Structures are given as structure tokens and as C-alpha cells.
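J.: Residue numbers (the numbering used here): 21 to 307.
For glycine and all other residues, C-beta sits at the position ideal for the given N, C-alpha and C.
None of the values given here were measured: they were computed from a predicted structure.
Starting off with a structure, shown below.
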Ligand code: PAF
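Listed below in C-alpha cells is the structure:
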């Protein structure tokens with residue numbers, strides 16, 4: 021089906037045959053699930069997996085279950101040829117390209133329902149999102165059965181949701197976090213940055229600066245409520261609208277009582293610029 025240079029599999033049996041041969045040689049397997057439209061952030065996740073494991077599989081699948089009607093499922097950038105070239109250069113060992121018949125065969129009737137770190141934040145604007153992500157990630161992890169799977173901190177809530185999923189369902193995989201890769205002005209790399217107009221692109225880097233200023237104020241001892249309010253107002257001034265700006269517990273995303281920060285936290289935000297929704301986050305540590 022695909023005329024690609026890099027070894028690839030489109031069925032579970034072809035995927036497993038390749039992985040079985042690695043396992044027979046005693047090799048460990050790392051996994052990087054993606055929706056394609058790959059950028060340096062994804063390739064850094066592949067590097068991280070390569071540093072931990074003998075062989076690396078990357079998947080490319082735009083998962084319809086994590087898009088609501090009216091979201092950008094149809095418009096989501098698709099570039100399998102370019103992606104596989106990038107994966108070849110990153111020395112990825114196998115690209116898994118499942119079709120929707122493989123992921124959601126006729127009669128598919130299971131959805132994983134997440135609470136805990138999935139509550140609030142992204143779920144307020146996208147209530148379908150984490151159940152869709154958890155269902156496809158559980159399937160992909162079962163299909164690949166890697167030792168290690170790598171997820172970017174750019175989607176920090178997603179990372180914690182997947183850690184929870186792996187723990188709750190005893191998936192037997194180590195979930196490793198990859199640091200966010202940024203443009204020079206701080207904008208986190210994202211496949212959806214392609215939607216930004218030139219003018220919006222100029223403004224987009226401000227989000228990371230606001231989050232970093234918030235983290236610095238928290239480290240300086242400013243109250244959580246005050247630091248959050250300042251960041252919220254800066255986002256309102258800098259963007260077309262603000263979905264949320266929150267300071268949460270770094271490991272559970274639970275809300276924190278107001279006052280001076282006394283535990284590792286994460287500042288998380290989602291804002292809108294034209295038709296693009298930007299999300300980003302930043303660590304905040306008590307001084
Ligand atoms: O972060 C993504 O690209 C997606 O949510 C993932 C983890 C590949 C699941 O579709």
C-alpha cells in the first residue's frame with residue numbers, strides 16, 4: 021500500500037512478526053505513538069526511545085476517537101512520505117501505520133473511560149478527548165507490547181493520563197516523558213502550529229513567556245492565586261481568548277490550596293489565536 025524506504029507494517033500480524041524476531045534476539049523495544057505531521061519534537065522522542073532501547077517503533081495514526089464533530093480531524097495535517105523520511109533519518113527501526121479497520125474493526129464496542137488526571141483542564145473544552153486517547157493508546161501498547169513508550173511533556177495532562185492508564189491496567193510498560201522542543205521565541209513545536217497565520221505566529225511565543233514568568237513568581241514566593249491571576253490577565257491581553265490558566269500538582273494535576281507553593285507544580289494553559297488552539301505548560305518548583 022505504501023511505497024516507503026523505511027521498514028513498515030500496516031497490520032498487527034506484520035508488526036508482531038517483526039517485533040517477535042527482535043525479541044528472539046533478546047532486544048528491547050521502545051515505542052513512540054504519533055499522529056504524524058512529524059517535527060523535531062517527535063524526533064526528539066524517537067532519540068529518547070533509542071537511548072533506552074535496542075529497537076524503536078513509531079506509529080502514525082490520526083485517531084478519529086479523540087476528535088469531536090467540528091474539530092480538525094479532516095484538516096489535521098497528513099504527510100506519511102515526509103514523516104517516514106524523517107523517521108529514517110532519526111534511525112527509527114519500524115513505522116507502524118495501522119488503518120482504521122485495524123484499530124476500530126467493524127463491531128468495535130469498547131471505550132476506556134478516564135477520570136483522575138483526565139478531569140478538568142483539557143477535558144473542559146474537549147470532554148471526548150482523553151477517553152479517545154486512552155482507548156487508542158491502550159490498543160497500540162497492546163499491539164506493540166514495548167518495554168518503554170515515550171510521550172511528550174508538551175501534552176502534559178495526556179502524559180499523566182497515560183501513566184495512570186498504564187498503572188491501572190497493568191500494561192507492563194515504562195512511560196517516559198520527553199521534554200518539549202521549542203522555537204527560538206519559546207513556542208512549543210506542535211503539528212497544529214501549521215494553522216497559525218503569520219500574524220498569529222508572531223504572537224504565539226508569548227504563551228511560553230507568560231508561563232515562565234508565572235513559574236518564576238511562584239518560585240519567588242508569590243501566592244498561587246496571585247501568580248495565576250497575573251498569568252491569566254497576560255493571556256487575556258495577548259490572545260483572542262483563554263480556555264484556562266491553572267497551577268496544579270505536578271504529579272496528579274490536583275488543585276492546590278492557595279498560598280506559597282510548597283510542592284512541585286505545573287502551570288498549564290490553553291488559549292486561542294484565530295482558529296488555532298495553543299496549549300503549553302511549564303514546571304514550577306518551590307524555592
Ligand atoms: O499526542 C498524540 O499525538 C496523540 O494523542 C497520541 C498519543 C498519538 C494518541 O493518538
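1. For the alpha helix (DSSP H) that residue 307 lies in, which residues bound it at each end?
2. Could you check if residue 83 belongs to the surroundings of ligand 1, using beta carbon to heavy atom distance under 8 Å?
3. Could you check which residue in 276, 278, 256, 286 has the C-alpha nearest to that of residue 270?
4. Per the contact definition of three or more C-beta pairs closer than 8 Å, is the region 101 to 111 in contact with the region 134 to 153?
5. Ignoring anything shorter than 4 residues, give me the alpha helix (DSSP H) runs that lie fully in the region 68 to 121, in order along the chain.
6. Would you give the residue range spanned by the beta strand (DSSP E) that residue 171 belongs to?
7. Do residue 198 and ligand 1 come close, with the Cβ less than 8 Å from some heavy atom?
8. Going by DSSP, what residue range makes up the alpha helix (DSSP H) through residue 250?
9. Check for me: the alpha helix (DSSP H) holding residue 288 runs from which residue to which?
10. Classify residue 22: buried if its beta carbon has 16 or more other beta carbons within 10 angstroms, exposed otherwise.
11. State the DSSP-derived secondary structure class of residue 271, mapped to helix, strand or coil.
12. Use the C-beta contact count for residue 272: other C-beta atoms within 10 angstroms, 16 or more gives buried, fewer gives exposed.
13. If distances are taken between C-alpha atoms only, which option among 101, 174, 237, 229 comes closest to residue 213?
14. Can residue 172 be considered in contact with ligand 1, in the sense that its beta carbon sits closer than 8 Å to one or more heavy atoms?
15. Would you say residue 54 touches ligand 1, meaning its beta carbon is less than 8 Å from a heavy atom?
16. Give the secondary structure of residue 155 by DSSP, where H, G and I count as helix, E and B as strand, and everything else as coil.
17. So which of 33, 251, 307 has the shortest CA-CA distance to residue 116?
18. For residue 178 and residue 199, what's the separation of their Cα atoms in angstroms?
T.: From the atom records:
1. Taken as a continuous stretch (DSSP letters only), residue 307 belongs to no alpha helix (DSSP H), as it is neither H nor E.
2. yes
3. 286
4. no
5. 100 to 109
6. 168 to 172
7. no
8. 244 to 258
9. No alpha helix (DSSP H) contains residue 288, which is instead part of the beta strand (DSSP E) from 285 to 293.
10. exposed
11. coil
12. exposed
13. 174
14. yes
15. yes
16. helix
17. 33
18. 14 Å
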